[in-house]
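For reference, the structure discussed in these notes is given below.
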Amino acid sequence: MFRLHCTRKLLDRLNRKPIDETGFPSTSALGNWYATALFWRPQVALFVNERTLLPVLMPLAPVITLTTRFPAALAAALQSHGWSDAQIAAEMQHMRECEIDKTANRSVIGMLNEFTFLAQAWREQHGPLDLQALSMRLADVPCGPLHYGSPAQLVQTIARN
3 MFRLHCTRKL LDRLNRKPID ETGFPSTSAL GNWYATALFW RPQVALFVNE
53 RTLLPVLMPL APVITLTTRF PAALAAALQS HGWSDAQIAA EMQHMRECEI
103 DKTANRSVIG MLNEFTFLAQ AWREQHGPLD LQALSMRLAD VPCGPLHYGS
153 PAQLVQTIAR N
(Lines of atoms letter the chains of each structure in order from A and count residues from 1; the text may use other names and numbers.)
(Lines give C-alpha, C1' and ligand atoms only; values in the text may rest on other atoms or scores of the structure.)
Protein backbone atom coordinates (compact mmCIF):
# COMPACT_ATOMS: atom_id res chain seq x y z
CA MET A 1 0.00 0.00 0.00
CA PHE A 2 1.23 3.48 -0.77
CA ARG A 3 -0.08 6.84 0.30
CA LEU A 4 -0.61 9.58 -2.28
CA HIS A 5 -0.75 13.12 -0.89
CA CYS A 6 -2.63 15.22 -3.45
CA THR A 7 -2.81 18.97 -3.87
CA ARG A 8 -6.26 20.54 -3.78
CA LYS A 9 -6.17 20.89 -7.61
CA LEU A 10 -5.70 17.17 -8.03
CA LEU A 11 -8.15 16.19 -5.29
CA ASP A 12 -10.81 18.24 -7.08
CA ARG A 13 -10.01 16.47 -10.38
CA LEU A 14 -10.03 13.03 -8.74
CA ASN A 15 -13.36 13.87 -7.09
CA ARG A 16 -12.26 11.87 -4.04
CA LYS A 17 -12.17 12.80 -0.40
CA PRO A 18 -8.87 12.38 1.43
CA ILE A 19 -8.76 9.87 4.26
CA ASP A 20 -9.58 11.37 7.64
CA GLU A 21 -7.37 9.12 9.71
CA THR A 22 -3.63 8.79 9.94
CA GLY A 23 -3.85 5.21 8.69
CA PHE A 24 -0.77 3.15 8.08
CA PRO A 25 2.45 4.49 6.60
CA SER A 26 3.38 3.46 3.09
CA THR A 27 4.84 -0.04 2.92
CA SER A 28 6.86 0.55 -0.25
CA ALA A 29 10.63 1.10 -0.19
CA LEU A 30 10.26 4.62 -1.55
CA GLY A 31 7.46 5.59 0.84
CA ASN A 32 4.83 8.28 0.31
CA TRP A 33 4.19 10.21 -2.89
CA TYR A 34 2.89 13.72 -3.55
CA ALA A 35 1.03 14.70 -6.71
CA THR A 36 -0.45 17.69 -8.47
CA ALA A 37 -2.20 18.41 -11.75
CA LEU A 38 -0.50 20.48 -14.46
CA PHE A 39 -3.06 22.06 -16.74
CA TRP A 40 -1.04 21.80 -19.92
CA ARG A 41 -2.41 20.52 -23.20
CA PRO A 42 -2.73 17.59 -22.75
CA GLN A 43 -3.05 17.72 -18.97
CA VAL A 44 -0.30 16.07 -16.94
CA ALA A 45 0.09 14.71 -13.40
CA LEU A 46 3.36 15.38 -11.58
CA PHE A 47 4.29 12.92 -8.82
CA VAL A 48 7.17 13.56 -6.40
CA ASN A 49 8.47 11.01 -3.93
CA GLU A 50 8.66 12.25 -0.33
CA ARG A 51 11.89 10.39 0.47
CA THR A 52 13.91 10.85 -2.73
CA LEU A 53 12.09 13.76 -4.42
CA LEU A 54 12.06 11.67 -7.61
CA PRO A 55 9.70 13.37 -10.11
CA VAL A 56 7.48 11.30 -12.40
CA LEU A 57 5.31 12.92 -15.07
CA MET A 58 2.43 11.09 -16.73
CA PRO A 59 -0.79 11.92 -18.58
CA LEU A 60 -3.59 12.97 -16.25
CA ALA A 61 -6.38 11.56 -18.41
CA PRO A 62 -8.28 9.44 -17.72
CA VAL A 63 -8.15 10.82 -14.19
CA ILE A 64 -10.29 8.04 -12.73
CA THR A 65 -7.48 5.51 -13.40
CA LEU A 66 -4.60 7.76 -12.36
CA THR A 67 -3.72 5.85 -9.19
CA THR A 68 -3.83 2.49 -10.98
CA ARG A 69 -1.70 3.75 -13.90
CA PHE A 70 0.93 5.40 -11.70
CA PRO A 71 2.82 2.22 -10.70
CA ALA A 72 3.55 1.43 -14.38
CA ALA A 73 4.90 4.96 -14.95
CA LEU A 74 7.02 4.62 -11.81
CA ALA A 75 8.34 1.23 -12.94
CA ALA A 76 9.51 2.78 -16.23
CA ALA A 77 11.22 5.61 -14.33
CA LEU A 78 12.93 3.22 -11.90
CA GLN A 79 14.16 1.07 -14.79
CA SER A 80 15.66 4.20 -16.38
CA HIS A 81 17.47 4.88 -13.10
CA GLY A 82 19.10 1.45 -12.99
CA TRP A 83 16.79 -0.55 -10.74
CA SER A 84 16.76 -4.28 -11.41
CA ASP A 85 13.60 -6.10 -12.47
CA ALA A 86 13.48 -7.81 -9.05
CA GLN A 87 13.70 -4.46 -7.21
CA ILE A 88 10.99 -2.97 -9.40
CA ALA A 89 8.73 -6.01 -8.90
CA ALA A 90 9.18 -5.75 -5.12
CA GLU A 91 8.25 -2.05 -5.20
CA MET A 92 5.23 -2.71 -7.44
CA GLN A 93 4.06 -5.42 -5.03
CA HIS A 94 3.57 -2.70 -2.39
CA MET A 95 1.82 -0.34 -4.80
CA ARG A 96 -1.31 -2.36 -5.53
CA GLU A 97 -3.40 -0.29 -3.12
CA CYS A 98 -3.44 3.49 -2.78
CA GLU A 99 -4.71 5.75 -0.01
CA ILE A 100 -5.46 9.34 -1.00
CA ASP A 101 -4.53 11.99 1.55
CA LYS A 102 -4.06 15.75 1.76
CA THR A 103 -0.60 17.24 1.49
CA ALA A 104 1.34 17.40 4.74
CA ASN A 105 5.03 18.08 3.98
CA ARG A 106 5.68 21.70 2.96
CA SER A 107 9.19 20.89 1.77
CA VAL A 108 7.85 18.39 -0.77
CA ILE A 109 5.14 20.87 -1.81
CA GLY A 110 7.93 23.37 -2.47
CA MET A 111 9.67 20.80 -4.68
CA LEU A 112 6.39 20.13 -6.53
CA ASN A 113 6.22 23.86 -7.26
CA GLU A 114 9.89 23.99 -8.30
CA PHE A 115 9.58 20.99 -10.63
CA THR A 116 6.40 22.49 -12.11
CA PHE A 117 8.23 25.74 -12.83
CA LEU A 118 11.27 23.98 -14.32
CA ALA A 119 9.15 21.65 -16.47
CA GLN A 120 7.12 24.58 -17.81
CA ALA A 121 10.28 26.55 -18.58
CA TRP A 122 11.77 23.54 -20.39
CA ARG A 123 8.61 23.11 -22.47
CA GLU A 124 8.54 26.80 -23.39
CA GLN A 125 12.19 26.77 -24.44
CA HIS A 126 12.40 23.38 -26.17
CA GLY A 127 8.81 22.56 -27.09
CA PRO A 128 6.86 19.48 -26.08
CA LEU A 129 9.01 16.66 -24.81
CA ASP A 130 8.32 13.04 -23.97
CA LEU A 131 7.10 12.99 -20.35
CA GLN A 132 9.55 10.25 -19.37
CA ALA A 133 12.47 12.23 -20.83
CA LEU A 134 11.32 15.37 -19.02
CA SER A 135 11.02 13.38 -15.77
CA MET A 136 14.62 12.19 -16.23
CA ARG A 137 15.84 15.76 -16.78
CA LEU A 138 14.04 16.97 -13.67
CA ALA A 139 15.50 14.08 -11.64
CA ASP A 140 18.99 15.46 -12.31
CA VAL A 141 18.19 18.84 -10.71
CA PRO A 142 20.06 19.46 -7.42
CA CYS A 143 17.57 19.83 -4.56
CA GLY A 144 18.13 21.75 -1.33
CA PRO A 145 16.27 19.21 0.86
CA LEU A 146 18.71 16.55 -0.43
CA HIS A 147 21.71 18.73 0.52
CA TYR A 148 22.02 19.68 -3.17
CA GLY A 149 22.17 16.12 -4.38
CA SER A 150 19.77 15.07 -7.11
CA PRO A 151 16.82 12.69 -6.87
CA ALA A 152 18.47 10.55 -9.57
CA GLN A 153 21.58 10.08 -7.41
CA LEU A 154 19.54 9.10 -4.36
CA VAL A 155 17.34 6.64 -6.30
CA GLN A 156 20.45 5.03 -7.80
CA THR A 157 22.02 4.76 -4.33
CA ILE A 158 18.88 3.01 -3.05
CA ALA A 159 19.06 0.62 -6.02
CA ARG A 160 22.65 -0.32 -5.16
CA ASN A 161 21.82 -1.04 -1.50
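By this note's numbering, the letter at position 67 of the sequence shown is numbered 69, and the numbering carries on one by one without gaps.
The beta carbon of each residue, even a glycine, is placed where N, CA and C say it ideally should be.
1. I'd like the ranges of any beta strand (DSSP E) spanning at least 3 consecutive residues and lying wholly in the segment 92 to 133.
2. Assuming residue 45 and residue 68 form a contact by the criterion Cβ under 8 Å, report the distance between their Cβ atoms to the nearest whole angstrom.
3. Quick check: the Cα distance between residue 103 and residue 35, rounded to an integer number of angstroms?
4. Spatial neighbours of residue 99 within its chain, please: C-beta separation below 8 Å, excluding the five flanking residues on both sides.
5. Hey, would you say residue 53 sits closer than 8 Å to residue 76, going by beta carbons?
6. According to DSSP, is residue 43 helix, strand or coil?
7. Can you give me the C-alpha to C-alpha distance between residue 91 and residue 82, rounded to a whole angstrom?
8. So the candidates are 51, 37, 57, 85; which of them puts its Cα closest to the Cα of residue 65?
9. Count the other CB atoms within 10 Å of the CB of residue 130; is the residue buried (16 or more) or exposed (fewer)?
10. Can you give the Cα-Cα distance for residue 138 and residue 21, rounded to whole angstroms?
11. Name the two residues that bound the continuous alpha helix (DSSP H) containing residue 15.
Reading it off the structure:
1. 100 to 104
2. In fact, because the Cβ distance is near 11 Å, the residues do not count as touching under 8 Å.
3. 10 Å
4. 3, 4
5. no
6. coil
7. 14 Å
8. 37
9. exposed
10. 31 Å
11. 10 to 16
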